[in-house]
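Chains as they are written, first to last, in the numbering used here: chain A, -2 to 353; chain B, -2 to 353; chain C, -2 to 353; chain D, -2 to 353. Just so it is clear, CB atoms sit at the ideal spot from N, CA and C, and this is done for glycine as well. Computed from a predicted structure; not experimentally measured. Below is one structure, written out as structure tokens; the observations come after it.
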């Protein structure tokens, strides 16, 4: 594992949206990657970034990006060998394939390819070896490049909280109820009239994603295919009036049942896969355990580990499944742009991008 | 069953707090009850109600109450034969016993006596026969009056959504995750700095109440004692930035498993116990089923049935337990003051207050 | 002045939007008007209302409307003699003219014609006589019908609070700062990411509307033209995280300076123009004065007078201009649909719609 | 001006409250000051800080403070020569005097001494010379120590936005309307039921403070006394559902009227008093001008300059007073703890603490 000799030029596709903006923020002063191009939909292409994008985070778009021309999402227009995709699913399917076909590494946050059997769905600290699926993908599709995906935001937060326990105790059954931040729906996203002082107990396709993606991420790669983990999952997904930070209530049953103390010890000791521990964006602790009775909370914990850590609290006995707890993570950083960034760093560190 | 000939004088104990104010609002122009006295803590006693209470709902305290003198919470100071108790649990224990000893009917929202084996814990539409425990209570304690309680706010909402199904299919195991409104914590209650844009995944004692009270309410009275229902329960309780309306995500396993269609039919057809259908405050439908994919929602459904109905939606298959759904109800009306009021109306209708 | 013998058929244009929905709610069981048609943009026309509109208020669209087919906004498709217009300004200009040309009364909440010199801009209780401009309008334009408008939502609230004082003391200079609810921007309107826990100190064109419309409404009609009132106005407009209810801080200088006590007396005694006092939707008190030190508040006062009253509080000395106070009113009811409805009722009561 | 040779030991009085916590955060790793003691009310004294204080910001109290014993607010218990006071006004009067009498420098955020004629009320960048009042104070009161105060949070924000203009154009009359964050009321402070989805148009004493303190801060010190600036002020103060960041709408009239362009240039060029430019906590720009039409906003601008900068936007013509604009600043940092910290740094830099 090693750092690249020179900073690698990268681009962001879908750069004007909420996740695209998070990519831009996280790529500021990145030691390995140099953000040289921003691309977006036809509506934005050809404009200066500052005119095309309404910056929704704190402060303003970095000056170096603000003055840049927005390119079309087309491998003919974008030259960087690595592209981060924050594209909407309505266009990601074709665009990402075009980039992979053109020999680029597409590190995507879009849902389109996540469940394809030859596409890695990776949380860097959890299942880095799944990246080997790239070989299969290239063979199957005749691509010189590749597509690597990360999971849906709530799934990543849940999987990080569960991986340390699954590794030791094997998950059997899982109930999760999410309380998800509005930024998960992008911008403009959730109308204020729908969520001010309200809860919306429905997020389209979210429960399905949690139920399928978690099993793939915690599955095992062998002979060029991932066997999904076999645990059962049931999810309830809710939108709440929070800006950033998905809170997830978890009740879990394991093959070997850990006590709450066992679980706290396992969570606290976990550092994730060796490969992922020293990446530029790796948090010291991918999972942080809190013993405070009323934590984690979005407002107080969302930026733990620079937004890359998941905070787990209220680890306690569950009357039915043995163990319950609450996990919370930054949906835009840990659950989207930051997850993709870690995946790209991992690809570089493992030498999988050599030759680009 | 019959209406009283004359309006019965009633009092509210703890009249200055959030639930006390709800009693006052619901007792305005009540056909059977005449609110003649308001009582509160020593700090308030002796002041005009308008000076003692900060009115937290819409508009202002009714003029007839605003000008009234606040009394001490003492049977020597309060003369009404029926007292609604919105007392804080720190004082409810002694005060309510004193009133019962003095021959009054105490219809209480406080938690102190709920789990006492000789005290009825009643949702009018669900387990009205439990009121017969009053006889046992009087014998045990030598009281001429009695204490009747209703459940904790989130428990009542959950129990109403589950009773129609439990009656037909027998509950076996139950996961509930709540998203609870700030009014459930009273006034001043939750500091704004704790909840604006936030979720707090902890409410003291709430999970325990949900787990114990639900089994008592759905239990069976025979031979002067309630045998708790035997289903297993696991609860996760969260506070969210909602003013009124607790949302509850439910996954339920039954002895005989209903399909979602069966469940919808059972919920839609349910009218609750015969006795409770024609009380002055009875909603036409104690449970309302919505087929909208993103309902119920506090902002849109909290006042269904005047706040007395629980709205149930998203009734669907659960991969683990067979059935999942979302219930939402007004925590201050259906879950507190309105529940107590229905209990009092039921006592009158069943003739149990004759002789007062 | 008299009620119509039979209910008059009316239509709502732009019926699927936020103000359109408010018209539908307010027209439920209206004694004079019978809502027989709903019309909206091409995207919605031809669908059932329940499929075309996302109902954003409490509960659901009235069943009688939900099942109705949405018509095109075209006098050929809509037959009612009175149409309430909640159209977006991008289409209101042409559509409203087409209806007026076709002989219909257009009672409009759109901004397009408000400042036209031959179009009445009316708050029923304040300047009902401006309706006489209709004659001029018809002559000028050769229309058989007419367009009558109400002001912008924040302007109406401010004007109602000021009219009782202007009538007696003559406004000279006026500072207003608004804190406006998100519903004023319609649906989907303000994205939640822009307003949760935030203030946006800008609402496009709002300050200009406040400055121009207030002078026209408080102007004097003579010889077929309105002379605008001559006071100076400066406005600051802000969006805040409130669902309904615009709060307006006012500092006002008058020709004859009233003391706070004078102002309170004048505001409290005011009932508005005689003509407007007994309309079906007239509140008993168009302006309500509160003496509570921390009122009016949207959450507690927005539904005063069924949403048709403006609540004024904190009437006190202003160090620079003599008088300051806070006004608050329901922007969707008093400031939009309810204002138009009162205008329509006034037209009927004054016999101006005879012959329709 | 010079840095101290060794870090100076300092204490925080009222360390468990909201402003006390902000002092602790800002004093972490401070180059000049070493936080060695935390003191609070009797209720907290004698406990570990972590048990006495509910940490309300992000993350947790710094470990070095969390484990420290809380002292009583008494010069006999606290030894540091400089004490930052975040005391409640109910106790600040006596406690601060006791510390000053005992020879300590009290740098206070409390309101008690602000308007005393011999107590400096200072914004470091605006009126640093007012610190010379200390000599008068010591003579008058026979103290070896001294009390230095900063203004009320909204006043500081307004004064910073106005100082650059007042210096050049002389303020004549001023209207300000504030939209203030809940953190300004401390913790627990504003109950959530009062502010969720609401505006409260009243903050006790706030308008008075804005009107009096702003004139003192912009006043001139000569012959040992401050002559208040003579401009007229009228303020409207409102509480809104924002966590941090007071927004202030300003209409201002000057002796010499600047155009908006003049004002923007003056604001943009301003760096504050020479003395205050190179303090450890000085922001590069005490005032930042934004040209975005809808800024400043709390959510996007509150942390500008680490929370020490005030952001001014919407600088435009005012129809009545010539100039209007919107200022926004972090009420806890710029408006409270950070303002006091700058004052302490200034005292050190000017050598006024030599001999301590």
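Contiguous beta strand (DSSP E) assignments of at least 3 residues, all confined to the region 151 to 229 of chain B: Counting only runs of 3 or more, we get 168 to 177, 217 to 219 and 222 to 224.
Span separating the alpha-carbon of residue 269 of chain C from that of residue 121 of chain C: Position 272 of the third chain, counted from the start, is the residue given in the question as residue 269 of chain C. Position 124 of the third chain, counted from the start, is the residue given in the question as residue 121 of chain C. Straight-line spacing of the CA atoms in residue 269 of chain C and residue 121 of chain C works out to 8 angstroms.
Residue 150 of chain B at chain A interface by Cβ criterion, 8 angstroms: Here the question's residue 150 of chain B lines up with position 153 in the second chain. So no, residue 150 of chain B is outside the interface.
Residue of A/235, A/39 and A/314 minimising C-alpha distance to residue 324 of chain B: To locate residue 324 of chain B, count along the second chain from 1; it is residue 327. Comparing alpha-carbon positions, the option among A/235, A/39 and A/314 lying closest to residue 324 of chain B turns out to be A/235.
Within chain D, partners of residue 194 of chain A - CB distance below 7 angstroms: Here the question's residue 194 of chain A lines up with position 197 in the first chain. Contacts between residue 194 of chain A and chain D, judged by CB atoms closer than 7 angstroms, involve 193 and 194 in chain order.
Chain D within 8 angstroms of residue 55 of chain B, Cβ atoms only: Taking the first residue of the second chain as position 1, residue 55 of chain B is located at position 58. Not one beta carbon of chain D lies nearer than 8 angstroms to the beta carbon of residue 55 of chain B.
Segment contact, 8 angstroms Cβ cut-off, at least three pairs: the region 330 to 343 of chain A with the region 53 to 70 of chain B: The region 330 to 343 of chain A, when compared against the region 53 to 70 of chain B, does not touch it at the 8 angstroms Cβ threshold.
Extent of the continuous alpha helix (DSSP H) run through residue 313 of chain D: Taking the fourth chain and counting its residues from 1, one reaches residue 313 of chain D at position 316. DSSP places residue 313 of chain D outside any alpha helix (DSSP H); the residue lies instead in the beta strand (DSSP E), whose first and last residues are 307 to 315.
Close beta carbons around residue 333 of chain A, own chain, < 7 angstroms, minus the five adjacent residues each side: Position 336 of the first chain, counting from 1, holds the residue named residue 333 of chain A. If we look at residue 333 of chain A and ignore the five residues flanking it on each side, its Cβ neighbours are 16, 19, 106 and 150.
Proximal residues to residue 255 of chain C (C-beta, below 6 angstroms), its chain only, five neighbours per side dropped: If you number the third chain from 1, residue 255 of chain C lands on position 258. Correct list, in chain order: 166.
Proximity test, Cβ basis, 8 angstroms: residue 109 of chain D and chain A: The residue you call residue 109 of chain D lines up with position 112 of the fourth chain. With 8 angstroms as the cut-off, residue 109 of chain D does not count as an interface residue toward chain A.
Candidates D/223, D/30 and D/182: closest to residue 203 of chain D by CA position: For this step, residue 203 of chain D is matched to residue 206 along the fourth chain. Among D/223, D/30 and D/182, the Cα nearest to that of residue 203 of chain D belongs to D/182.
Spatially closest choice to residue 223 of chain B from B/158, B/175, B/344 and B/125, by CA coordinates: The residue labelled residue 223 of chain B in the question sits at position 226 within the second chain. Residue B/125 is the option with its Cα nearest to residue 223 of chain B.
Residues that DSSP places opposite residue 6 of chain D in a beta bridge: Here the question's residue 6 of chain D lines up with position 9 in the fourth chain. BP columns for residue 6 of chain D point to D/31.
Residue-level contact to chain C via CB, residue 235 of chain D, 8 angstroms cutoff: Residue mapping note: residue 235 of chain D aligns to position 238 of the fourth chain, counting from 1. At a cut-off of 8 angstroms between C-beta atoms, residue 235 of chain D counts as an interface residue with respect to chain C.
Interface positions of the region 245 to 256 of chain B facing chain A (Cβ-Cβ less than 8 angstroms), listed along the chain: So the list reads 246 and 248, given in the order they occur along the chain.
Interface flag, residue 203 of chain C vs chain A, CB-CB below 8 angstroms: As a first step, residue 203 of chain C must be located in the third chain, where it is residue number 206. At least 8 angstroms separates the CB of residue 203 of chain C from every CB of chain A.
Meets three-Cβ-pair contact criterion under 8 angstroms: the region 158 to 174 of chain A and the region 86 to 96 of chain A: Judged by Cβ distances under 8 angstroms, the region 158 to 174 of chain A makes no contact with the region 86 to 96 of chain A, as fewer than three pairs qualify.
At least three beta-carbon pairs within less than 8 angstroms, the region 205 to 216 of chain D to the region 259 to 277 of chain D: At 8 angstroms Cβ cutoff, the stretches do not touch.
Sub-8 angstroms separation of residue 10 of chain C and residue 92 of chain C beta-carbons: For the purposes of this step, residue 10 of chain C is identified with residue 13 of the third chain, where counting begins at 1. For the purposes of this step, residue 92 of chain C is identified with residue 95 of the third chain, where counting begins at 1. At a Cβ-Cβ threshold of 8 angstroms, residue 10 of chain C and residue 92 of chain C count as neighbours.
Near-chain A residues of the region 296 to 309 of chain D - C-beta to any C-beta below 9 angstroms: Listed in chain order, the positions of the region 296 to 309 of chain D with a beta carbon within less than 9 angstroms of a beta carbon of chain A are 296, 297, 298, 299, 300 and 301.
Closest Cα partner of residue 1 of chain D within the set D/138, D/277, D/327 and D/285: Residue mapping note: residue 1 of chain D aligns to position 4 of the fourth chain, counting from 1. Looking only at D/138, D/277, D/327 and D/285, the smallest Cα-Cα distance to residue 1 of chain D is reached by D/277.
Bridge partners - residue 251 of chain B, DSSP secondary structure assignment: By one-based count along the second chain, residue 251 of chain B stands at place 254. Residue 251 of chain B pairs with B/168.
Start and end residues, alpha helix (DSSP H) containing residue 344 of chain A: Against the first chain, residue 344 of chain A aligns to sequence position 347. Looking at the DSSP string, the run of the alpha helix (DSSP H) that includes residue 344 of chain A is 335 to 346.
Nearest residue (CA-CA) to residue 4 of chain B, options B/14, B/60 and B/77: By 1-based counting over the second chain, the position of residue 4 of chain B is 7. In terms of CA proximity to residue 4 of chain B, B/77 leads the group B/14, B/60 and B/77.
Contact check, residue 295 of chain B vs residue 196 of chain A, beta carbons under 8 angstroms: Start at 1 with the first residue of the second chain, and residue 295 of chain B comes out as number 298. Start at 1 with the first residue of the first chain, and residue 196 of chain A comes out as number 199. Taking 8 angstroms as the cut-off, the beta carbon of residue 295 of chain B is found closer than this to the beta carbon of residue 196 of chain A.
Three CB pairs or more closer than 8 angstroms across the region 241 to 259 of chain B and the region 309 to 322 of chain B: Two segments are said to touch when three or more pairs of C-beta atoms, one from each, lie closer than 8 angstroms; by this definition the region 241 to 259 of chain B touches the region 309 to 322 of chain B.
Distance cut-off 7 angstroms: residue 4 of chain A Cβ against heavy atoms of the ligand ATP: Here there are no bound small molecules, and the ligand ATP is not part of this structure.
Neighbouring residues, chain C, relative to residue 323 of chain D (Cβ below 7 angstroms): Residue 323 of chain D sits at position 326 when you count from the first residue of the fourth chain. The contact set of residue 323 of chain D on chain C, defined by CB atoms closer than 7 angstroms, consists of 198 in chain order.
Beta carbon of residue 36 of chain C nearer than 8 angstroms to that of residue 47 of chain C: The residue given as residue 36 of chain C occupies position 39 in the third chain. The residue given as residue 47 of chain C occupies position 50 in the third chain. No, they are not a contact pair.
Cβ neighbour criterion (16 or more within 10 Å) applied to residue 219 of chain A: Counting from 1 along the first chain, the entry for residue 219 of chain A is found at position 222. Residue environment analysis places residue 219 of chain A among the exposed positions, since fewer than 16 neighbouring C-beta atoms fall within 10 angstroms of its C-beta.
Selection from B/24, B/68 and B/23 that minimises the alpha carbon distance to residue 42 of chain B: In the second chain, the residue the question calls residue 42 of chain B occupies position 45. Considering only B/24, B/68 and B/23, the residue with the shortest C-alpha distance to residue 42 of chain B is B/68.
One or two residues paired with residue 102 of chain C in a DSSP bridge: By 1-based counting over the third chain, the position of residue 102 of chain C is 105. C/79 and C/143, per the DSSP bridge assignment.
Residue 7 of chain D: contacting residues in chain B (beta-carbon distance under 8 angstroms): In the fourth chain, counting from the first residue as 1, residue 7 of chain D sits at position 10. Chain B residues near residue 7 of chain D: none, gap ~26 angstroms exceeds 8 angstroms.
Contact the region 299 to 309 of chain C vs the region 277 to 287 of chain C: 3+ CB pairs below 8 angstroms: Touching, yes.
Cβ separation of residue 187 of chain D and residue 144 of chain D, assumed to be a contact under 8 angstroms, to the nearest whole Å: Here residue 187 of chain D is taken as the residue at index 190 of the fourth chain, counted from 1. Here residue 144 of chain D is taken as the residue at index 147 of the fourth chain, counted from 1. Residue 187 of chain D to residue 144 of chain D, Cβ: 29 angstroms. No contact.
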